[in-house]
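Trainee:
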Amino acid sequence: MEQFNYSVTFEPFTERHYVKRFKKRYNDQWIATERTIVEVCKRIDNMLWYDRADLISVFDCYKLVKLDFAVEGTRVSPKTSGNRCILFVDEDARAVRVLLVYSKNDISPPNETSKWKNIIRDGYGEIAKLFGL
């Protein structure tokens with residue numbers, strides 16, 4: 035049922051910032067990891083249904099979602115890896131935009147959530163306004 039899958043794009047902001055670090059750190063493993071993230075995002079509605087992704091906020095047909103992932107070949111579970119994606123889901127267009135890909139090491143404590151929200155506010159003003167970030 036390919037026609038029901040979501041289209042998935044990595045935003046240029048994401049590519050310029052944190053993805054660059056993953057590519058440098060993990061080389062070929064990152065290519066496989068990125069493919070896996072895309073495949074998971076294509077079926078994001080199922081991932082939300084089965085609690086594989088966390089719904090952060092909803093506004094009309096739009097959702098803000100946090101997805102845990104592990105780098106391929108590291109033998110670490112997505113939850114414990116500390117790697118996250120922040121996704122913007124448009125239910126009407128059946129599209130997922132990967133806004134942010136980061137490791138907890140990139141966004142350090144004490145408050146991971148407030149830090150990624152600030153990054154979204156700075157990089158994606160229209161989305162931040164939509165969800166009141």
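Per this note's numbering, residue 35 is the first one in the sequence shown, and the count goes up by one each step. Just so you know, even glycine gets a beta-carbon here, dropped at the ideal spot from N, CA and C.
Can you give the beta carbon distance from V105 to N117, rounded, assuming they're within the 8 Å contact cut?
Mentor: Confirmed, about 7 Å.
Trainee: Any heavy atom of the ligand MN closer than 6 Å to the Cβ of W150?
Mentor: Questions concerning the ligand MN fall outside what the structure shown contains, since it holds no ligand whatsoever.
Trainee: E45 to G157, Cα distance in whole Å?
Mentor: Distance between the alpha carbons of E45 and G157 is about 10 Å.
Trainee: Can you give me the C-alpha to C-alpha distance between M35 and S137, rounded to a whole angstrom?
Mentor: Only weak support is given to the placement of M35: the predicted model assigns it a pLDDT of 41, under 50, and the question is left unresolved by the model.
Trainee: When the Cα of K100 is compared with those of W64, I65, F122 and T43, which residue comes out closest?
Mentor: The shortest Cα separation from K100 among W64, I65, F122 and T43 belongs to F122.
Trainee: Please classify V130 as buried or exposed, where buried requires at least 16 neighbouring CB atoms within 10 angstroms.
Mentor: Burial call: buried.
Trainee: Just the Cα atoms here: how many angstroms apart are P144 and A127?
Mentor: When rounded, the distance between both Cα atoms is 36 Å.
Trainee: Under 6 Å Cβ to Cβ from E68, same chain only, skipping five residues before and after it: list those, please.
Mentor: So no residue of the chain qualifies.
Trainee: Can you give the beta carbon distance from Y60 to L134, rounded, assuming they're within the 8 Å contact cut?
Mentor: Wrong, their Cβ atoms sit about 17 Å apart, outside the cutoff.
Trainee: Report buried or exposed for K97, applying the criterion of at least 16 other Cβ atoms within 10 angstroms of its Cβ.
Mentor: It counts as buried.
Trainee: The alpha helix (DSSP H) spanning D62 covers which residue range?
Mentor: Its alpha helix (DSSP H) spans residues D62 to K76.
Trainee: Out of curiosity, what's the CA-to-CA distance linking I78 and Y40?
Mentor: Near 8 Å, if we compare the C-alpha coordinates of Y40 and I78.
Trainee: If you measure between the beta carbons of V42 and C95, is that distance less than 7 Å?
Mentor: Cβ atoms of V42 and C95: not closer than 7 Å.
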